[in-house]
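J.: Just dropping this structure here.
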Ligand SMILES: Nc1ncnc2c1ncn2[C@@H]1O[C@H](COP(=O)(O)OP(=O)(O)OP(=O)(O)O)[C@@H](O)[C@H]1O
Ligand SMILES: [Mg+2]
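Protein chains in written order, with the working numbering: chain F, 1270 to 1849; chain W, 44 to 508.
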């Protein structure tokens, strides 16, 4: 039955049809004389349809196809961090060693270095009863991250022997009574979610240091967010900001069908950027997957699964993991291309009918969970979406918005005015604030939610007033409404705008964000009083202290100075009243 | 397996030929067709199986019949490359068009081009001064970037491309660029315009041209840019040249792509263009850049004309999603008589931050550029408002911004076709002079320290002292 070898019958781009072979669905096969890696994606009578992860030109019908018996899997163990992989977990530095700067084909590479020795510290003891997912020892994988070696999800029993020492990742470090040997490395099929005990509702924010995100549209640890936006509106910059500054312990960054240079940028930058939470280079906590737009589409399709499986693995150790996928639209397009080669019945805009269920399954792998070992771990997923023409009525955007709980809508108009991050504060939303408010009250300030409401209300009111201004000009408005416009402008220019490329402005601590928001509200209050007391709006708005307060955010130590700056502002506003 | 000629054509559809055959041919293989009158056509295998082979014919299928002989050449499409390409004009399929001899190959290079390993790339960060203020200040170009010109019919994109080709230089270096020019379906007149300009400035000797004109085979356009980029890669990565690739018009390329898709009865993506157009374009645009351990570089200037001036049309849209920014030419500015009519607001250079600043251009460059954008954007918006409510309804700040928008267009954007402005004295100082028409308290994008140092009044103060 299980015919091991077959022949190529047909080649159409990345899709190859084989005959004379009886593989399982999603089994990995070797295609052609060069043994290109492929995955079975359809069985059709005697024909097996294979998506091939490498370029297929020059391959002929009649060449061999060989089964491997494996499904598409990743290798999990020490050595993942700081690595950069292609969509099927081949380390790109390894590929460079064997192929040079251009990616040719027919080269295999293990995801992990099987030879490298690691210092394993056993934490379980002989005689311990250990279950699936339980930690049996640790390895200091990078300066900041301790790799917790776990019992594979399908294993467990009584420890017969376990030893600390220096091992490579395939050597057994632990033996169970039933003879099972456990090594530091395990494998997991990428298309199956890794098991856990239970999902919890997220109630802790993922703090990103990006004011508009943290303050107005927060994401929870274990939550899901979508960032749709036209080209050049800031999806990648936002994703990279999250990869840099969010307080996740592990970051998995997937460059899915996007630019090569953007990955190079991350590779160049991250080793030099210091994680504000650990004071060590950010690279220590990062795993990258780079399957750029010009690399094979089938491997692009696989890249998000490779990434999320790695993320789940670190979650299972009890870490908070954040995963960014830039861009999920390119992943969807890879599905569309393969589906059309399979001559499947197309759904909307040529996408396969299963598009939305694939999207849902992917985001469903996010979450805050109780791990098999009983710890708390999370995977937060942030997906960029690239809608054609920036119009989010298309299937990928819609499929995403139905699932994710946070919507950061990027706006071409704002980007054009260089208002960055170009996140539209009127159309964006987060469904998490309610679940997170208690956390803010306990950890930042007891009135944090109220301050947020005040700020977002001001922005709403501004939008309404703007409609009137469009008709009559701002001078025609009563002075209190003119003040509201000024305050709202302050929110936009001082608070919402944040320059990702400015050394200081790039990251704002959540406490500082709160103080900045309070400063704006206090300006509003004082100004109202002053105007009621006879001050001119012009004078109040133009006091130098307000400019100092606003420009100050570009300087180091702002969190220490902001109190004084607000006090000084209050004085000057009061003085503007006396001047009259 | 060469030599064997099949006469098994079953169907001909648009540019595609379907045939039954007996021996296996490989995917992507090059095909030669011999018509009954003895003339030859070339093609490439798009689909191959034990029963049937689909061939795309570059020159189109007119006169192909069931008697046409089809020969599979046993190899994928390759271009003979050598330094001898420089100074040559080739046709859209890589044959000499200048009456010169065949290229003597140092190497036969596969024109599909393998992807650069992202790990092996080097970040582009050397500022290229184009001498055009709008570009240098606001959408700075760096070596190894792919920066398309989004234009539309009747606009002077060719002049701008040529001015860039003429003036582009690395400040403080005399490395020259080699130009690889790739024409896809442009008119003979446009082509002559390019060639004359390149000739006039002596750049032609330093250029390699691949030319497919409007009356040349449409399907051939699908390989022309691949030939040009293969030549560029060879010159950049084997011979250390800094290559500037100009290709025009991407819109014609995409039309050919659509034609093939339609003939294959593929499920189309948006507006009839193939669903894989993003990937296909990426296979071209991503062949720009710098790689570790090689001195040369490839900088790309694709030109495309937006159908109906619509930037959301799939051609500019998918391009914008791949390239590292775009320079947008505006019909409105053109009609106002401004050259170069570059609308900086939708224009963008994503690699700008890496290429500017202290030691590269000037410390205030980023701030100045942000401020120019913000002020111009607001000024332009106010124009709309003024049209409704009149200038009287504007406050002081708005009035200044409104006026600035005019000055910016008239003095900053506008320059002549041979005016080569230096970045610091020519462009950035000019920007400061114009920004000084706005009260500094409204210039919130400028750091105080740059105001103190570069603002004209302060500049004068310090000169007087
Ligand atoms: N927070 C920010 N601060 C400063 N500049 C920004 C910010 N966000 C975006 N930008 C600017 O916008 C440009 C485009 O952003 P980005 O590359 O993230 O767009 P994108 O949405 O990913 O586009 P594409 O879909 O084409 O990949 C950046 O190069 C940068 O100049
Ligand atoms: Mg992007």
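Using N, Cα and C, we set each Cβ at its ideal position, and we do this for glycine too.
For clarity, every value in this text was computed on a predicted model and none was experimentally measured.
Below 9 angstroms on C-beta distance, what does residue 1647(F) contact in chain W?
T.: Per Cβ cutoff of 9 angstroms: no residues; residue 1647(F) is ~28 angstroms from chain W at best.
J.: Would residue 1272(F) pass as an interface residue toward chain W - the criterion being a Cβ-Cβ separation below 8 angstroms?
T.: no
J.: Relative to the C-alpha of residue 1295(F), which residue among 1459(F), 1477(F), 1705(F), 1731(F) is closest?
T.: Considering only 1459(F), 1477(F), 1705(F), 1731(F), the residue with the shortest C-alpha distance to residue 1295(F) is 1459(F).
J.: Near residue 1699(F), what residues of its chain come up, given a Cβ to Cβ distance below 6 angstroms and the 5 sequence neighbours on each side ignored?
T.: 1486, 1487, 1675
J.: Counting pairs of Cβ atoms below 8 angstroms between the segment 1821–1840 of chain F and the segment 1796–1807 of chain F, do you hit three or more?
T.: The segment 1821–1840 of chain F vs the segment 1796–1807 of chain F: no contact.
J.: Return the chain-ordered list of same chain residues with a C-beta closer than 6 angstroms to the C-beta of residue 1473(F), the five sequence neighbours on each side being excluded.
T.: 1490, 1708
J.: Using a Cβ-Cβ distance cut-off of 8 angstroms, determine whether residue 92(W) contacts chain F.
T.: yes
J.: Please go through the same chain and pick out, in chain order, the residues whose beta-carbon is closer than 6 angstroms to the beta-carbon of residue 1341(F), but skip the five residues on each side of it.
T.: 1297, 1308, 1459
J.: Would the C-beta of residue 1538(F) count as close to ligand 2, meaning under 7 angstroms from any of its heavy atoms?
T.: Residue 1538(F) Cβ: outside cutoff for every heavy atom of ligand 2.
J.: Report all residues from its chain with a CB closer than 7 angstroms to the CB of residue 1384(F); omit the five preceding and five following residues, and keep chain order.
T.: 1437
J.: For chain W, is any of its Cβ atoms less than 8 angstroms away from the one on residue 1375(F)?
T.: no
J.: Pick out whichever of 1337(F), 1281(F), 1321(F), 1305(F) has its Cα sitting closest to the Cα of residue 1290(F).
T.: For residue 1290(F), the closest of 1337(F), 1281(F), 1321(F), 1305(F) by C-alpha to C-alpha distance is 1337(F).
J.: From residue 1395(F) to residue 1431(F), what distance separates their C-alpha atoms?
T.: 6 angstroms
J.: Can you tell me the Cβ-Cβ gap for residue 1731(F) and residue 1664(F), rounded? I've got them flagged as a contact below 8 angstroms.
T.: Not really, about 34 angstroms apart at Cβ, beyond 8 angstroms.
J.: List the residues of chain W whose Cβ lies closer than 9 angstroms to the Cβ of residue 1539(F), in chain order.
T.: Near residue 1539(F) there are no residues of chain W at all, since even the closest Cβ is about 13 angstroms away, more than 9 angstroms.
J.: For residue 1455(F) and residue 1346(F), I'd like the C-alpha separation in whole angstroms.
T.: The alpha-carbon separation between residue 1455(F) and residue 1346(F) amounts to approximately 7 angstroms.
J.: Are residue 1556(F) and residue 1350(F) touching if we call contact CB-CB under 8 angstroms?
T.: Yes, they are a contact pair.
J.: Within 10 angstroms of its Cβ, does residue 251(W) collect 16 or more other Cβ (buried), or is it exposed?
T.: buried
J.: I want to check one thing, is the minimum distance from the CB of residue 1689(F) to the heavy atoms of ligand 3 below 7 angstroms?
T.: Among the ligands in the structure shown, ligand 3 does not appear; only ligand 1 and ligand 2 can be found there.
J.: Rounded to a whole number of angstroms, what is the C-alpha to C-alpha distance between residue 1324(F) and residue 339(W)?
T.: 26 angstroms
J.: Within 10 Å of its beta-carbon, does residue 596(W) have 16 or more other beta-carbons around it, so buried, or fewer, so exposed?
T.: The requested residue 596(W) does not occur in the structure, where chain W is confined to residues 44 to 508.
J.: Let me see if you follow: with CB-CB separation under 8 angstroms, is residue 164(W) close to chain F or not?
T.: yes
J.: Using the three-state DSSP reduction, which class does residue 1568(F) fall into: helix, strand or coil?
T.: helix
J.: Starting from residue 363(W), find everything on chain F with Cβ-Cβ shorter than 9 angstroms and list it in chain order.
T.: 1499, 1500, 1501
J.: Going by Cα to Cα distance, which pick from 397(W), 317(W), 221(W), 97(W) is closest to residue 271(W)?
T.: 221(W)
J.: Short of 7 angstroms in beta carbon distance, which residues of its chain neighbour residue 1552(F), apart from the five on each side in sequence? Order them along the chain.
T.: 1351, 1539, 1540
J.: Could you compute how far the alpha carbon of residue 1279(F) sits from the alpha carbon of residue 63(W)?
T.: 13 angstroms
J.: Using the beta-carbon count (16 or more within 10 Å), is residue 85(W) buried or exposed?
T.: Burial call: buried.
J.: Residue 122(W) and residue 74(W) - do their beta-carbons sit closer together than 8 angstroms?
T.: no
J.: Name, please, each residue of chain F whose Cβ falls closer than 7 angstroms to the Cβ of residue 345(W).
T.: Simply none; closest approach about 14 angstroms.
J.: Please go through the same chain and pick out, in chain order, the residues whose beta-carbon is closer than 7 angstroms to the beta-carbon of residue 1441(F), but skip the five residues on each side of it.
T.: 1450, 1451, 1452
J.: For residue 1664(F), does the three-state DSSP call read helix, strand or coil?
T.: helix
J.: Taking Cβ positions, are residue 1690(F) and residue 1767(F) nearer each other than 8 angstroms?
T.: yes
J.: Check whether the Cβ of residue 1390(F) lies closer than 8 angstroms to any Cβ atom in chain W.
T.: no
J.: Taking a Cβ distance cut-off of 9 angstroms, strictly less, list which residues of the segment 1727–1749 of chain F are near chain W, in chain order.
T.: 1738, 1739, 1740, 1741, 1742, 1743, 1744, 1745
J.: Please name the residue in 1575(F), 1602(F), 1692(F), 1726(F) whose C-alpha comes closest to that of residue 1359(F).
T.: 1575(F)
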